[in-house]
Every structure is written in structure tokens, then in C-alpha cells.
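*Asks:* According to this note's numbering, the stretch in the sequence shown is residues -1 to 133, in order.
We put the CB at the ideal spot given by N, CA and C, even for glycine.
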Amino acid sequence: MKTEAKNGKKILIALIVLLVMIAVFFGIYQFTKQTAITGAKTITVDVIHKDGSLKTFEYHTDCEYLGEVLIDEELVLGEEGPYGIFITSVDNETADDSNQEWWCITKNNEQLNTSADQTPIADGEKYELTLTVGY
-1 MKTEAKNGKK ILIALIVLLV MIAVFFGIYQ FTKQTAITGA KTITVDVIHK DGSLKTFEYH
59 TDCEYLGEVL IDEELVLGEE GPYGIFITSV DNETADDSNQ EWWCITKNNE QLNTSADQTP
119 IADGEKYELT LTVGY
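#1: Near T130, what residues of its chain come up, given a Cβ to Cβ distance below 6 Å and the 5 sequence neighbours on each side ignored?
#2: Secondary structure at I103, three-state DSSP: helix, strand or coil?
#3: Pair every Cβ in the segment 56 to 66 with every Cβ in the segment 86 to 99, then say whether three or more of these pairs are closer than 8 Å.
#4: Is DSSP giving S113 helix, strand or coil here?
#5: So the alpha helix (DSSP H) D70 belongs to, where does it begin and stop?
#6: Tell me which residues share the same chain as H58 and place their Cβ nearer than 8 Å to its Cβ, disregarding the 5 neighbours each side in the sequence.
#7: My output table needs one value for S51: the three-state DSSP class, helix, strand or coil.
#8: Between the Cα of G149 and the Cα atoms of N106, S113 and Q116, which residue gives the shortest distance?
#9: S113 to L16, Cα distance in whole Å?
If you want it as C-alpha cells, here you go:
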């Protein structure tokens, strides 16, 4: 009987620890997640093509996320995935998956860890879409 009680206490303690860990991770996520900014804003998008040429686009928008702007302005084409659009073509240049080509999204020359659909935008920001070779 004492063994069953000890096992029950261990399970209860493990569940409490698990719930506390979930609460802590949820709190960290809520604290660090980026929030969208409403209202009018102007952003710049540089497209760096495979040949190294650069084309700059400036957009005036009320959209809250980068993906919305890129699609609305018909700058990109892509496929819907679990994290939003997977960009396959930018400014009429399509990445060739067989050559391990893909479009890298950066903000002020720093790679983003979010998809275009999950990237909130603010007035004056600059983004880059670069055709990259190699995974």
C-alpha cells in the first residue's frame, strides 16, 4: 500500500512540474512574440536576384504582415504551408528546387526566423528577398 502511495505522489509531483513548465514557456512566448502594428506605413523591399542584380520596391500599406504586402502587390508567388506562404517566385524569378535554390527573407540584412506571413511590419522598415543557393 505504501508503494502505491509513493508512486501516486511521484506522478502528482511530475504533473505539477510539467504544468509549471508549460506555464513558464507560454509566458516566455507571450512576452517575446512580435505584435503587428495597425495603420499606414511605408516599407522597402530589396530583391536580390540570382545574377546579383538589385531591384528596390517601396510600398505604402495598411497591412500588418509582410506576406500580405508581398502578395497584395503581386511581388511574390508561393505555396501555402503550415507556417504561411512558402515563397517560390519573386519579381518573376522562380527558385529552382532541384538546384537547392530558395528565397531568403532578411530584415536590415539579418535573417528572419519567421515566415513572411508571420512577420509583422512597422513604418520605415527594410526587408530583403535574396535568391539563395544551398540548404
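*Replies:* Short version:
#1: Locating residue 130 in the sequence shown gives position 132, counting from the first residue. Closer than 6 Å at the Cβ level, and outside the excluded window around T130, lie W100 and C102.
#2: Numbered from its first residue, the sequence shown carries residue 103 at position 105. In the structure shown, I103 sits in a strand (DSSP, three-state: E or B).
#3: no
#4: To locate residue 113, count along the sequence shown from 1; it is residue 115. Looking at S113 - three-state DSSP - the assignment turns out to be coil, as it is neither helix nor strand.
#5: As a working mapping, residue 70 is identified with position 72 in the sequence shown. Counting along the chain, the alpha helix (DSSP H) containing D70 begins and ends at L64 to D70.
#6: Counted from its first residue, the sequence shown places residue 58 at position 60. Excluding sequence neighbours, H58 sits near A38, K39 and T40.
#7: Translated into the one-based positions of the sequence shown, residue 51 becomes position 53. Note: S51 maps to coil in three-state DSSP.
#8: As shown, the chain starts at -1 and ends at 133. That puts residue 149 outside it, with no answer to give.
#9: Locating residue 113 in the sequence shown gives position 115, where the first residue counts as 1. Locating residue 16 in the sequence shown gives position 18, where the first residue counts as 1. Spanning the two alpha carbons is a distance of roughly 30 Å.
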